[in-house]
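J.: My structure is below; once you've seen it, I'll send some questions.
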Amino acid sequence: ETGVTQSPTHLIKTRGQQVTLRCSSQSGHNTVSWYQQALGQGPQFIFQYYREEENGRGNFPPRFSGLQFPNYSSELNVNALELDDSALYLCASSSGGYNYGYTFGSGTRLTVV
Amino acid sequence: GDSVTQMEGPVTLSEEAFLTINCTYTATGYPSLFWYVQYPGEGLQLLLKATKADDKGSNKGFEATYRKETTSFHLEKGSVQVSDSAVYFCALGSSGAGSYQLTFGKGTKLSVIP
């Protein structure tokens, strides 16, 4: 059973650019969530995808968008990058609600300069 | 909205010492409560959970009891090891508009010295 894999592991972008982060969910998991973890903080919920549709969103602007594919893998896109977007981005997959348990990936460390 | 407050670190303990990390929460409804652990350079791992009041979650010698009257979910371990050094996050799970989300505290860094 493979876990959640994220790519790339590290990324450096310039302010104003766009970035795409990728996540392969654990086998059998149909729900994917994305979290942003700023340095020294707890993760914050960005959004969740189920059956290829966004079904929940945290307090993040529309320039944060995502996709889920038929194989349940997912992408997080961020447009018009700002310095404050520098963070660890975590993907988590689940076979249902949070009580079923989330499996987190190791994250993508994004640095915006 | 929902929120989680946990004791600030860092916490430094000697091996075999007793560990308590305090966690309190604010939530509407009846959330589930979780402790996650993050080792350096890794993602989050679920340590234990409790889904209703008075439930006790336990794993690897760690325990936490869901106390609704004090809105708390304190993490305890009787004898810590060097390998327990990590960052610990308290979290609550809530549902709304068809999604499930976790709300995390800021994390407590634990260092255990031999």
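As you go down the protein sequences, you meet chains A and B in turn.
Going by our numbering, the first sequence opens with residue 52, and the numbers climb by one from there.
Going by our numbering, the second sequence opens with residue 686, and the numbers climb by one from there.
We treat Cβ as the ideally placed atom computed from N, Cα and C, and that holds for glycine.
Spatial neighbours of residue 73 (chain A) within its chain, please: CB distance less than 6 Å, with the 5 preceding and 5 following residues excluded, ordered by chain position.
T.: Translated into positions along the first sequence, residue 73 (chain A) becomes position 22. Excluding positions up to five away in sequence, the list reads 58, 126.
J.: Which residues in the same chain have their Cβ closer than 6 Å to the Cβ of residue 794 (chain B), if we skip the five residues on either side of it in sequence?
T.: Your numbering for residue 794 (chain B) matches position 109 in the second sequence. Cβ neighbours of residue 794 (chain B) beyond the five flanking positions: 694, 695, 772.
J.: Can you list, in chain order, the residues of its chain whose CB lies under 6 Å from that of residue 130 (chain A), leaving out five sequence neighbours each side?
T.: As a position in the first sequence, residue 130 (chain A) is number 79, starting the count at 1. So the list reads 69, 114, once near-sequence residues are dropped.
J.: How would you label residue 93 (chain A), buried or exposed, when you count the other beta carbons within 10 angstroms and need 16 or more for buried?
T.: For the purposes of this step, residue 93 (chain A) is taken as the residue at position 42 of the first sequence. With 16 or more other Cβ atoms within 10 Å, it is buried.
J.: Is residue 157 (chain A) helix, strand or coil when you go by DSSP?
T.: Start at 1 with the first residue of the first sequence, and residue 157 (chain A) comes out as number 106. It is coil, neither helix nor strand.
J.: Taking the alpha-carbon positions, what's the residue 730 (chain B) to residue 121 (chain A) distance?
T.: Indexing the second sequence from 1 puts residue 730 (chain B) at position 45. Indexing the first sequence from 1 puts residue 121 (chain A) at position 70. Each residue's Cα considered, the two are about 26 Å apart.
J.: If you draw a straight line from the C-alpha of residue 734 (chain B) to the C-alpha of residue 768 (chain B), how long is it?
T.: Within the second sequence, residue 734 (chain B) is the residue found at index 49, counting from 1. Within the second sequence, residue 768 (chain B) is the residue found at index 83, counting from 1. Approximately 21 Å, taken between the alpha carbons.
J.: Between which two residues does the beta strand (DSSP E) carrying residue 33 (chain A) extend?
T.: Chain A is shown from 52 up to 164; residue 33 (chain A) falls before or after that span and cannot be answered.
J.: Ordered along the chain, which non-local residues of its own chain (more than five positions away) have a Cβ less than 6 Å from that of residue 144 (chain A)?
T.: Taking the first residue of the first sequence as 1, we reach residue 144 (chain A) at position 93. Around residue 144 (chain A): 55, 76, 77, 80, 83, 154.
J.: Kindly list the residues whose CB is nearer than 7 Å to the CB of residue 53 (chain A), restricted to its own chain and excluding five residues on each side of it in sequence; keep chain order.
T.: Stepping through the first sequence from its first residue, residue 53 (chain A) is reached at position 2. Answer for residue 53 (chain A): 77, 78, listed in chain order.
J.: Quick one: does residue 81 (chain A) have its CB under 8 Å from some CB of chain B?
T.: Against the first sequence, residue 81 (chain A) aligns to sequence position 30. No, its Cβ sits nowhere closer than 8 Å to a Cβ of chain B.
J.: Could you tell me the distance, in whole angstroms, from the CA atom of residue 747 (chain B) to the CA atom of residue 760 (chain B)?
T.: Stepping through the second sequence from its first residue, residue 747 (chain B) is reached at position 62. Stepping through the second sequence from its first residue, residue 760 (chain B) is reached at position 75. In a straight line, the C-alpha of residue 747 (chain B) is about 7 Å away from that of residue 760 (chain B).
J.: What are the residues of the region 741-766 of chain B that lie near chain A, defined by any Cβ-Cβ distance shorter than 9 Å?
T.: Answer in chain order: no residues at all.
J.: Ends of the beta strand (DSSP E) at residue 721 (chain B)?
T.: Counted from its first residue, the second sequence places residue 721 (chain B) at position 36. Taken as a continuous stretch (DSSP letters only), the beta strand (DSSP E) holding residue 721 (chain B) covers 717-723.
J.: For the beta strand (DSSP E) that residue 770 (chain B) lies in, which residues bound it at each end?
T.: For the purposes of this step, residue 770 (chain B) is taken as the residue at position 85 of the second sequence. Element bounds for residue 770 (chain B): n/a, residue is neither H nor E.
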